[in-house]
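Student: Structure below; questions to follow.
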Amino acid sequence: MKKIININFHSRVIPIEETAYEILQQYVESLRRYFANEEGRDEIISDIENRFSELFADTLKKGAACITDADVNAIIASMGRPEEFAGEEEQPSARTGAAAGAGSTGSGNAGTGSGPQQGSAPYEEPRRLYRASNQKVLGGVCAGLANYLKLDPAIVRLIFVLICVTWGFGILLYVILWAVLPTKVVTTSARKRLYRNPDDKVIAGVASGIAAYFHIDVWIPRLIFALPLIVGIVTSIWQNIWWHTFHFGGHIIFEGFGSGLFVAYVVLWIVLPEAVTATEKLEMRGEKIDLESIKNTVKSDMEAFNRRAKEMGTEIGESFKNMGQNMSSQVRQNVQNFPAEAGAAARRTGNGIGHAIGVLFKVFFLLIAGCIAFGMIMALVALAFSGGGLLDLKGYFLSGVWENLLAWASFILVFVVPVIALLTWLIRRITGIRSQRHYLGYMFATLWVIGLISFVVLAGMLINNFRARAHSEEEFALTQPSHGSLIIQAHQNVHRDYYDDDWWFGNGWRHNGVFYSISEDSLLLNTVQIKVLRSEDSSYHLRILRGSLGSSANTALNYARQISFPVTQSDSIIQLPGGFPITRDQQFRNQQVIVVVYIPVGKKIMMDNSVKRYDWVNLHVGRGHINWDNDDRYDENYDDEGFSLENNYYWNSGVQYIMTAGGLERVGAVGKYEDRPEQPEKRERPEKKEKPEAPEKSEPSEKPGQPANGGYRYKAPAEKRKADSTVPKSSTMVSPHRPSPFVLLSSFFI
Amino acid sequence: MNIENTQSQMRKGILEFCILSVIRRGEAYPSDIVEEMKAANLNILEGTLYPLLTRLKNADMLTYRWVESNSGPPRKYFSLTPKGEAFYGELQATWNELTNAVHALTQKI
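Just so you know, the sequences run in chain order A and B.
If you read the first sequence in my numbering, its first letter stands for residue 685, the second for the next number, and so on.
If you read the second sequence in my numbering, its first letter stands for residue 393, the second for the next number, and so on.
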């Protein structure tokens, strides 16, 4: 079953099979190429087409319903293919070449060159360097060189480009050659040419073109081009997994090699033409034409010999005389023509440069796409390796069926689908299967977008869980220590480590992180902060503040109250827990504990080194952004908890301090190491433009000092405080934030 | 040096001469020329004929006129110009010389 189309072919309406039409078109195109340099090209082709049309009409008259492949092939057989003409008649280019003006000088000089060898029988056409006027990209220098060296112009161009890139003088050389060399219509002496193969391509068909040129399997050049990429991926995976144990040597060599190959690919992409017509495809494979080319060279040699033999007698004397003159005039003429010709060439190469830019753009986008794909694969690999840990953590963030469902959906759709799509594409490209239907691509894209949307929705839901902040406070019934000195210790964790050999969490995660450890049923947080303030009476006080975030003030308070943080005292030693556990049903809501120690004037305090295990993380969800900071010293965290900076003293662990009227002062280094400044200093107020602290500070009533609230007061987080000054009276501090969803989104995707 | 090549060289040399001789006998249409040459056992590809005719025409050896055909568009009928006639005469002379020479050489043994 074949499709029949009607064509208007030289004033005849011809019903023709579509495939037959294609054959015809290819044939005409091959003729067009063959007669490219022929003066009456259009007329010749028109005549031939006319004849085709006539023969078609005959066939139809005989009763055929339409023109079939066989009909066209039969006519083509009687017409002959361009490759066959070559044997039958004079090479058209030789004819026009001789007719061209440059021919006279060329042959004149050539005659003198070959004069001495006149007698030698196997006539070698004197090879001379010309600029190829018919195959030029810029000035035809490369094509001329290729003709001289009997190489593929593409290869010469490539080498030239490389020379130009590595050494600047290549350009100068080109310009000089352009000015000096005479033009001539040259036939490509290399009949086998490097093309890009559009029929079998992964990216641009460079590899398959090379394969066709060297008659090797396509996968060999492909593998060579892809090898650095594969090696790169493998080594980077290798390094990511065993980065602290192994160092894969020699990857630098591979990287250099790989980028070289990459550049080579791009350059080939730009330089090599695509094999569009049948003739070009034949040339690309070097099929059939190989035999032809031998015939042609011999033939043209014979012709040239005949011509030379005739011309020799008359020219030999004259040419010697004229040679110098000719040369100089030729050069002069060339130099004169140069600007005009360069302009024309620039115009002609306009689309060549456009092509190059297009290629570079394509390469750029492919690179970006490749990076994204690579990143996704790496993320997937990382997830696969640390999946256990993350899965465990997941329970503390997600609550309810919907959130879990959304989390899985977005994970699978956003990460797994592109990887599957990429693999499908790669396999298809490599195996050469091409689907006419694009629904698979659309499906992947839709799924990915759905994944993205569900991810956004999930993010919105999760952020909603961190919107409000609440604290509950409690005074610890402290018995006054007998020696006027208090030591605060953090207890060793009661929870045993779940992952004893969890190398993938690394040091940072496990020992300094917020998620101090994970056990089967709970997550141990160590977001504990100890603050030292001056007591207004003569006794020590200890207050425990539990804080949490939540979707509303009430839920936040609820979460805060669920924090179990038992403090014990044995005379002068206050034992704090190493952290506090959060069970699966409690969820992670950035729970925090603040231990506030009030020291009366003249009494001492020392923080044991064990409190160093505490870490601090504060999530701010507000004004459309999420802050995740775990620097507990030099930011606004203190203010968020409502502590005036005036009376909050800075301390080091392992150092004994004494409270004086002027503040906290150091007694002596008791601890083992000192890495902090010598003087206990008042905490310096960080300069924060956006936080209007000044009015608060100046108000004396706001100063801690009243025993009633123990020297601290709660403040709403600064962002909120400006908007509404109504502060809840209870010990619960609520600060709802309304993040704008767009800014939120943007902060997520950075 | 292969035989095919030499043969094609020989054929090529006489191609123009043959075409001109066919046209000389009266206005001719390209496919007629091919038919006639085929009939004389000189097989050429039709595709080679058109370029040759065009070149000869461009060299003022030939001229053509459009003749209405009973089917389809008009056809090109070629005829010799005086210059073509002269050219033919020269070729004829050369051919006679050549045949004589070749004859003389080949029959000598």
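All residues carry an ideal CB built from backbone N, CA and C; glycine is no exception.
1. In or out: V459 of chain B buried (at least 16 other Cβ within 10 Å) or exposed?
2. What number of angstroms, rounded off, separates the C-alpha of A1040 of chain A from the C-alpha of V955 of chain A?
3. Determine the extent of the alpha helix (DSSP H) in which N831 of chain A is found, giving its start and end residues.
4. Out of A:W953, A:S1138, A:S1156, which has the shortest C-alpha to C-alpha gap to A1237 of chain A?
5. Check the Cβ of K468 of chain B against every Cβ in chain A and list those closer than 9 Å, keeping chain order.
6. For M1145 of chain A, which option in A:W1086, A:N721, A:M1127, A:V1285 has the closest C-alpha, if you only look at C-alpha atoms?
7. Checking contacts by CB at 9 Å: is T446 of chain B closer than that to chain A?
8. Using the rule of at least 16 other Cβ atoms within 10 Å of the residue's Cβ for burial, across every protein chain shown, is F853 of chain A buried or exposed?
9. Using beta carbons (cut-off 9 Å, strictly below), is A830 of chain A in contact with chain B?
10. How close, in whole Å, do the beta carbons of E713 of chain A and L437 of chain B come, if the pair is a contact with beta carbons under 8 Å?
11. In this structure, how does DSSP classify F470 of chain B when only helix, strand and coil are distinguished?
12. From the DSSP output, read off the bridge partner residues of G1234 of chain A.
13. Within 9 Å (strictly less), CB to CB, does L708 of chain A reach chain B?
14. Could you list which residues in chain B have their beta carbon closer than 7 Å to that of I728 of chain A, in chain order?
15. Could you tell me whether the Cβ atoms of Y456 of chain B and R416 of chain B are closer together than 9 Å?
16. Please work out which residues of its chain come closer than 8 Å, Cβ to Cβ, to D1292 of chain A, disregarding the five sequence neighbours upstream and downstream, and give them in chain order.
17. Thinking C-alpha only, which one of A:G1038, A:H1167, A:A1063, A:D755 is nearest G1286 of chain A?
18. With 9 Å as the C-beta to C-beta threshold (strictly closer), list the residues of the region 409-423 of chain B near chain A in chain order.
19. Run through chain A and tell me which residues come within less than 9 Å of L454 of chain B, C-beta to C-beta.
20. Using a Cβ distance threshold of 8 Å, determine whether the region 1211-1226 of chain A contacts the region 1267-1284 of chain A, with at least three qualifying pairs required.
21. Output, in sequence order along the chain, the residues in the region 743-765 of chain A whose CB is closer than 8 Å to any CB in chain B.
22. Among A:V915, A:R717, A:D753, A:L1082, which one has its Cα closest to the Cα of S1235 of chain A?
23. Run through the DSSP bridge pairs and tell me what P1265 of chain A is partnered with.
24. Any idea what DSSP makes of A1174 of chain A, helix, strand or coil?
25. Show which residues of chain B have a CB atom less than 7 Å away from the CB atom of E767 of chain A.
26. Tell me P699 of chain A's beta-bridge partners as DSSP assigns them.
27. Less than 9 Å between the C-beta atoms of G418 of chain B and L715 of chain A, yes or no?
28. Go ahead and label K868 of chain A buried or exposed: buried means 16 or more other beta carbons lie within 10 angstroms of its beta carbon, across all protein chains shown.
29. Would you mind sorting N734 of chain A into buried or exposed? The rule is 16 or more other CB atoms within 10 Å of its CB.
30. Throw me the rounded Cβ distance for the L1090 of chain A and L1142 of chain A pair, which I believe falls under 8 Å.
31. Listing by chain order, which chain B residues have their CB less than 9 Å from the CB of F719 of chain A?
32. Using only the alpha-carbon positions, how far apart do L857 of chain A and I1061 of chain A sit?
33. So if I threshold CB-CB distances at 8 Å, which residues from the region 691-715 of chain A count as touching chain B?
34. DSSP three-state label for I1257 of chain A, please.
35. Could you give the residue range of the beta strand (DSSP E) that holds L454 of chain B?
36. Note down, in chain order, each residue of its chain lying with its Cβ closer than 7 Å to the Cβ of V1101 of chain A, except the 5 sequence neighbours on either side.
Tutor: On the basis of the data shown:
1. Translated into positions along the second sequence, residue 459 of chain B becomes position 67. Exposed.
2. As a first step, residue 1040 of chain A is located in the first sequence; it is residue number 356 there, counting from the start. As a first step, residue 955 of chain A is located in the first sequence; it is residue number 271 there, counting from the start. The alpha-carbon atoms of A1040 of chain A and V955 of chain A are separated by roughly 8 Å.
3. Locating residue 831 of chain A in the first sequence gives position 147, counting from the first residue. N831 of chain A -> alpha helix (DSSP H) spans 825-833.
4. As a first step, residue 1237 of chain A must be located in the first sequence, where it is residue number 553. It is A:S1156.
5. In the second sequence, residue 468 of chain B corresponds to position 76, counting from 1. Ordered by position in chain A, the residues that pass the 9 Å Cβ test against K468 of chain B are D731, N734.
6. In the first sequence, counting from the first residue as 1, residue 1145 of chain A sits at position 461. Checked all of A:W1086, A:N721, A:M1127, A:V1285; the closest Cα to M1145 of chain A is A:W1086.
7. Translated into positions along the second sequence, residue 446 of chain B becomes position 54. For T446 of chain B, the nearest CB of chain A lies under 9 Å from its own CB, placing it at the interface with that chain.
8. Position 169 of the first sequence, counting from 1, holds the residue named residue 853 of chain A. So F853 of chain A counts as exposed.
9. For the purposes of this step, residue 830 of chain A is taken as the residue at position 146 of the first sequence. Cβ-Cβ to chain B under 9 Å: no for A830 of chain A.
10. Sequence index remark: in the first sequence, residue 713 of chain A carries index 29 (1-based). Sequence index remark: in the second sequence, residue 437 of chain B carries index 45 (1-based). Rounded, the Cβ-Cβ distance is 18 Å, inconsistent with contact.
11. Along the second sequence, one-based indexing puts residue 470 of chain B at 78. If DSSP states are grouped into helix, strand and coil, F470 of chain B belongs with the strands.
12. In the first sequence, the residue the question calls residue 1234 of chain A occupies position 550. BP columns for G1234 of chain A point to A:A1152.
13. Residue numbering aside, residue 708 of chain A sits at position 24 when the first sequence is read from its first letter. No - not a single Cβ of chain B is within 9 Å of the one on L708 of chain A.
14. Counting from one through the first sequence, the residue named residue 728 of chain A turns up at place 44. Chain B residues near I728 of chain A: Y442, P443, T446.
15. For this step, residue 456 of chain B is matched to residue 64 along the second sequence. For this step, residue 416 of chain B is matched to residue 24 along the second sequence. No, Cβ-Cβ distance for Y456 of chain B and R416 of chain B is not below 9 Å.
16. For this step, residue 1292 of chain A is matched to residue 608 along the first sequence. So the list reads I1171, I1172, Q1173, A1174, S1337, G1338, once near-sequence residues are dropped.
17. Along the first sequence, read from residue 1 onward, the residue named residue 1286 of chain A stands at position 602. Out of A:G1038, A:H1167, A:A1063, A:D755, A:H1167 has the C-alpha closest to the C-alpha of G1286 of chain A.
18. P422, S423
19. Counting from one through the second sequence, the residue named residue 454 of chain B turns up at place 62. The premise fails here: L454 of chain B is roughly 12 Å from chain A at the closest Cβ pair, so nothing lies under 9 Å.
20. The region 1211-1226 of chain A vs the region 1267-1284 of chain A: in contact.
21. K745, S762, M763, G764, R765
22. If you number the first sequence from 1, residue 1235 of chain A lands on position 551. Here the closest residue by C-alpha is A:L1082.
23. The residue you call residue 1265 of chain A lines up with position 581 of the first sequence. Partner(s): A:L1208.
24. Within the first sequence, numbered from 1, the residue matching residue 1174 of chain A stands at position 490. Here A1174 of chain A sits in strand by DSSP.
25. Translated into the one-based positions of the first sequence, residue 767 of chain A becomes position 83. Ordered by position in chain B, no residue passes the 7 Å Cβ test against E767 of chain A, which lies about 11 Å from the chain.
26. For the purposes of this step, residue 699 of chain A is taken as residue 15 along the first sequence, with counting starting at 1. In DSSP, P699 of chain A forms a bridge with A:N690.
27. Residue mapping note: residue 418 of chain B aligns to position 26 of the second sequence, counting from 1. Residue mapping note: residue 715 of chain A aligns to position 31 of the first sequence, counting from 1. Not in contact: G418 of chain B and L715 of chain A (Cβ atoms no closer than 9 Å).
28. Locating residue 868 of chain A in the first sequence gives position 184, where the first residue counts as 1. Buried, since its Cβ has 16 or more Cβ neighbours within 10 Å.
29. Indexing the first sequence from 1 puts residue 734 of chain A at position 50. N734 of chain A should be labelled buried.
30. The sequence position of residue 1090 of chain A within the first sequence is 406, counting from 1. The sequence position of residue 1142 of chain A within the first sequence is 458, counting from 1. The C-beta separation of L1090 of chain A from L1142 of chain A comes to about 4 Å, placing the pair in contact by the 8 Å criterion.
31. Position 35 of the first sequence holds residue 719 of chain A. Under the 9 Å cutoff, chain B gives P443.
32. Stepping through the first sequence from its first residue, residue 857 of chain A is reached at position 173. Stepping through the first sequence from its first residue, residue 1061 of chain A is reached at position 377. Rounded to whole angstroms, the separation of the alpha carbons of I1061 of chain A and L857 of chain A is 47 Å.
33. Cβ contacts with chain B come from H694, S695, R696, L715.
34. For this step, residue 1257 of chain A is matched to residue 573 along the first sequence. DSSP places I1257 of chain A in strand when its eight states are reduced to three.
35. Reading the second sequence from its first residue, position 62 is the one you call residue 454 of chain B. 454-459 is the span of the beta strand (DSSP E), which, as asked, contains L454 of chain B.
36. Residue mapping note: residue 1101 of chain A aligns to position 417 of the first sequence, counting from 1. For V1101 of chain A, the CB contacts under 7 Å within the same chain, skipping 5 residues up- and downstream, are F1128, L1131, W1132, G1135 in chain order.
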